[in-house]
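Asker: In our numbering, the protein residues as written are 93 to 347.
Using N, Cα and C, we set each Cβ at its ideal position, and we do this for glycine too.
First, the structure itself, so that you have it in front of you.
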Amino acid sequence: MSMQARTKSRELRDARAAAGRRQKKRNRAIAAGGGVIIGCLLIAIVVSLINAAGSEGSRITAASQDKAVAPAIATAAGALAVGDAAAPVKLEVYLDYMCPFCGRFEQANSTELDRLVADGTVRLELYPLAFLDRMSSGSKYSTRTANAIATVADRAPGALPAFNTALFAHQPAEGSSGLSDDEIAALARNAGVPQDVADAFTDRLFQPWVETSTAAVFETGIEGTPTVKINGEVFTGDLYTAGPLTAAVTAAKGK
């Protein structure tokens, strides 16, 4: 082979090698570009899924709120109203049926409160809260009793005071599982609640309302139970002895 032929052959090989290197670079660039595109597509898909999940969560939350059916005698603030709406004194009582101090309050004042409601002095607004579920060994006693009270308020409001008193008269100790559903229903029947109303306790119809109302109450600044307000002002006197609350209500009536 002549020198000229060898030179042309070498130039041809070099040209082919250079072309091959350029092709490999193009392939790597295409692959990298494809990876970026695929990565972007994956990110877009993930973002879409997150947004969809967020939207679904919002719809679920809205649906849950829609399901928070309020008892017939409930106020917009989450209380169960008993007595004459035109009574000169509005007495708000915030309670939890697992709270032992609420039990002491009820024992000291229930007779007087019943009298003050009956004679038209007081419009009683009960707030059945459910924040002590953690104190009932997983049985959600606070929620179950608040739901039962709300059910009676909706379907047999005349029996509400007696049922409220009965629950505190048979109040379980904190840390126990509390009364069973059957025992709560039996107390209700003995307090004058019709059988079909007591049977409805396990439907938990008002549990969403209880949960929503409990959250709303604590957002207003209420810090514990029992809390009592007389015409909107927190009563700071003795809650656990008969007499002081009655005296404060009588004084408020005269203003």
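Would you grab the beta carbon distance between arginine 281 and alanine 292 for me? Rounded to a whole angstrom, and I think it's under 8 Å.
Answerer: Taking the first residue of the sequence shown as 1, we reach residue 281 at position 189. Taking the first residue of the sequence shown as 1, we reach residue 292 at position 200. In fact, because the Cβ distance is near 12 Å, the residues do not count as touching under 8 Å.
Asker: Within this structure, are the beta carbons of phenylalanine 197 and leucine 279 separated by less than 8 Å?
Answerer: By one-based count along the sequence shown, residue 197 stands at place 105. By one-based count along the sequence shown, residue 279 stands at place 187. No.
Asker: Under 8 Å between C-beta atoms, does alanine 164 make it to chain D?
Answerer: Within the model displayed, chain D is absent; a lone protein chain is all it includes.
Asker: Hey, glycine 350 and phenylalanine 260: beta-carbon distance below 8 Å or not?
Answerer: With the chain represented from 93 up to 347, any question about residue 350 goes unanswered, as that position is not in the structure.
Asker: Does the segment 249-268 touch the segment 317-337, meaning 3 or more C-beta pairs lie closer than 8 Å?
Answerer: No, the segment 317-337 is not in contact with the segment 249-268.
Asker: So what's lysine 345 in DSSP terms, helix, strand or just coil?
Answerer: In the sequence shown, counting from the first residue as 1, residue 345 sits at position 253. Lysine 345 falls in the helix class under three-state DSSP.
Asker: Measure the C-alpha to C-alpha separation of valine 214 and proline 318 and round it to an integer number of angstroms.
Answerer: Your numbering for residue 214 matches position 122 in the sequence shown. Your numbering for residue 318 matches position 226 in the sequence shown. Going from the Cα of valine 214 to the Cα of proline 318 covers about 18 Å.
Asker: Identify whether glutamate 217 lies in helix, strand or coil by the three-state DSSP scheme.
Answerer: Translated into positions along the sequence shown, residue 217 becomes position 125. Residue state, collapsed to three classes: strand.
Asker: In terms of residue numbering, what span does the beta strand (DSSP E) encompassing leucine 331 cover?
Answerer: Counted from its first residue, the sequence shown places residue 331 at position 239. Element bounds for leucine 331: n/a, residue is neither H nor E.
Asker: Closer than 7 Å by C-beta to proline 336: which residues in its own chain qualify, once you throw out the five before and the five after it? Chain order, please.
Answerer: As a position in the sequence shown, residue 336 is number 244, starting the count at 1. Cβ neighbours of proline 336 beyond the five flanking positions: Gly329, Asp330.
Asker: Let me know the secondary structure DSSP gives serine 156 once reduced to three states.
Answerer: Your numbering for residue 156 matches position 64 in the sequence shown. Note on serine 156: pLDDT 42, under 50, position unreliable in the model; the coordinate value appears next. If DSSP states are grouped into helix, strand and coil, serine 156 belongs with the helices.
Asker: When you compare the segment 182-196 with the segment 219-229, are there three or more beta-carbon pairs, one atom per stretch, that lie closer than 8 Å?
Answerer: Because the criterion of three Cβ pairs below 8 Å is met, the segment 182-196 and the segment 219-229 touch.
Asker: Using the Cβ count rule (16 or more neighbours within 10 Å means buried), how would you classify glutamate 315?
Answerer: In the sequence shown, residue 315 corresponds to position 223, counting from 1. Under this definition glutamate 315 is an exposed residue.
Asker: Do you know how far the Cα of alanine 178 is from the Cα of glycine 250?
Answerer: Counted from its first residue, the sequence shown places residue 250 at position 158. Counted from its first residue, the sequence shown places residue 178 at position 86. Looking at the two C-alpha atoms, the distance is approximately 18 Å.
Asker: Measuring straight from C-alpha to C-alpha, what distance separates proline 253 and glutamine 199?
Answerer: Reading the sequence shown from its first residue, position 161 is the one you call residue 253. Reading the sequence shown from its first residue, position 107 is the one you call residue 199. Their backbone Cα atoms lie some 13 Å apart in a straight line.
Asker: Compare the C-alpha of proline 180 against each of Asp211, Ile165, Thr203, Ala162 and name the closest.
Answerer: If you number the sequence shown from 1, residue 180 lands on position 88. Among Asp211, Ile165, Thr203, Ala162, the Cα nearest to that of proline 180 is on Asp211.
Asker: Can you have a look at serine 147 and say buried or exposed, based on whether 16 or more other CB atoms are within 10 angstroms of its CB?
Answerer: Taking the first residue of the sequence shown as position 1, residue 147 is located at position 55. Confidence at serine 147 is low in this model, with a pLDDT of 42, below 50, so its placement is unreliable and no value can be given for it.
Asker: Report yes if the CB atom of methionine 227 is closer than 8 Å to the CB atom of glutamate 275, and no otherwise.
Answerer: Translated into positions along the sequence shown, residue 227 becomes position 135. Translated into positions along the sequence shown, residue 275 becomes position 183. No, Cβ-Cβ distance for methionine 227 and glutamate 275 is not below 8 Å.
Asker: Can you list, in chain order, the residues of its chain whose CB lies under 8 Å from that of valine 326, leaving out five sequence neighbours each side?
Answerer: Numbered from 1 along the sequence shown, position 234 holds the residue referred to as residue 326. Cβ neighbours of valine 326 beyond the five flanking positions: Thr319, Val320.
Asker: Using DSSP's beta-bridge definition, name the partner residues of tyrosine 186.
Answerer: Within the sequence shown, the letter at position 94 stands for residue 186. According to DSSP, tyrosine 186 bridges with Tyr219, Thr319.
Asker: Using 10 angstroms around the beta-carbon of glycine 346, count the other beta-carbons present and answer buried if the total reaches 16, otherwise exposed.
Answerer: Locating residue 346 in the sequence shown gives position 254, where the first residue counts as 1. The residue in question, glycine 346, is exposed, as its Cβ has fewer than 16 Cβ neighbours within 10 Å.
Asker: State buried or exposed for serine 234, treating a residue as buried only when at least 16 other CB atoms are found within 10 Å of its CB.
Answerer: Start at 1 with the first residue of the sequence shown, and residue 234 comes out as number 142. So serine 234 counts as buried.
Asker: For lysine 359, which residues from the same chain have a beta carbon less than 6 Å from its beta carbon, with the 5 sequence-adjacent residues on both sides left out?
Answerer: Residue 359 lies beyond the stretch modelled for the chain, which goes from 93 to 347, so this question has no answer here.
Asker: Could you say which of Thr338, Pro300, Gly313, Gly175 lies nearest to alanine 238 if we only look at CA atoms?
Answerer: Counting from one through the sequence shown, the residue named residue 238 turns up at place 146. Nearest option by C-alpha distance: Pro300.
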